[in-house]
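Asks: Take a look at this one; I'll ask things after.
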Amino acid sequence: MKKIIFALLVSAAIVFLLIGCDSQGNTPNEKIQTEEIQQEISAEERKRMDLYVAVMKAAFQEENGGKAFIAVKLDTMEGLSHEAKVEVLKELTDLSPNVYSFEDVKNDNTKFEPDDDGRLIRSIDGALLWVEVEEYSKSKSTITGVSWFGNLGAVFPKYEATFKNGKWQLELISMAIS
Numbered sequence: 000m001k002k003i004i005f006a007l008l009v010s011a012a013i014v015f016l017l018i019g020c021d022s023q024g025n026t027p028n029e030k031i032q033t034e035e036i037q038q039e040i041s042a043e044e045r046k047r048m049d050l051y052v053a054v055m056k057a058a059f060q061e062e063n064g065g066k067a068f069i070a071v072k073l074d075t076m077e078g079l080s081h082e083a084k085v086e087v088l089k090e091l092t093d094l095s096p097n098v099y100s101f102e103d104v105k106n107d108n109t110k111f112e113p114d115d116d117g118r119l120i121r122s123i124d125g126a127l128l129w130v131e132v133e134e135y136s137k138s139k140s141t142i143t144g145v146s147w148f149g150n151l152g153a154v155f156p157k158y159e160a161t162f163k164n165g166k167w168q169l170e171l172i173s174m175a176i177s
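Per numbering that gives the first Met the number 0, the sequence shown starts with residue 0, numbered consecutively.
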């Protein structure tokens, strides 16, 4: 009887170990899921994503507080699904390898310095990016990109964006600097 119980315990342990195993590489299933996310993003949503990415990159290039990280206010990106917003974060990794949703890092004292009341006063070797859409149509937009790195450090370039030949072309129409 003891041998049977021991054999059952060993068998159960092996089964549980096999169930818990997971490969770290890209499996065909993961590739399919990534392709499904890409298919879920409509052409119009992709166009908005491209606009928001272009504007935030342009604002970041105007001025920033460093390249150690970028935080993005996802709630400012009108007309985008959660999946599309995640894709926007991925597209900003050429500015910094560390790109986060602002909501995920706003209380991280290694990224932002708060004042005594808990309000953010500056970023620490990074930038907070967002967009402010004034007008949007399929071929034109008036939009402001913001690159914030402190109460006394931010740029607010305002663009007239025109969609031509499959890309957004930005024309700077005004600039506010803090």
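Where a beta carbon is used, it is the ideal one built from N, C-alpha and C, also for glycine. Fair warning: this is a prediction, and the values are worked out from it, not measured in the lab.
#1: Have a look at threonine 26 and leucine 171 and give me their C-alpha separation to the nearest angstrom.
#2: How is the beta strand (DSSP E) around methionine 174 delimited, first residue to last?
#3: Flag this pair as touching only if the region 105-119 and the region 80-89 have three or more C-beta atom pairs under 8 Å; answer yes or no.
#4: Within 10 Å of its beta-carbon, does isoleucine 176 have 16 or more other beta-carbons around it, so buried, or fewer, so exposed?
#5: When we look at the beta-carbon of threonine 143 and count the other beta-carbons within 10 Å, is it buried (16 or more) or exposed?
#6: Using three-state DSSP, classify lysine 110 as helix, strand or coil.
#7: My output table needs one value for arginine 118: the three-state DSSP class, helix, strand or coil.
#8: Grouping DSSP H, G and I as helix and E and B as strand, with all else coil, what is lysine 46?
#9: At the level of alpha carbons, what is the spacing between phenylalanine 148 and alanine 58?
#10: What residue does the alpha helix (DSSP H) around glutamate 102 start on, and which one ends it?
#11: Keeping to the same chain, check which residues put their C-beta closer than 6 Å to that of phenylalanine 111; ignore five residues upstream and five downstream.
#12: Given that a residue counts as buried once 16 or more other Cβ atoms are within 10 Å of its Cβ, and exposed if not, what is serine 146?
#13: Which of helix, strand or coil does DSSP assign to alanine 160?
Replies: This is what the structure gives:
#1: Annotation note: pLDDT 46 at threonine 26 (below 50); position unreliable, no value reported.
#2: 166-176
#3: no
#4: exposed
#5: buried
#6: coil
#7: coil
#8: helix
#9: 12 Å
#10: 101-104
#11: Leu119 and Ser122
#12: buried
#13: strand
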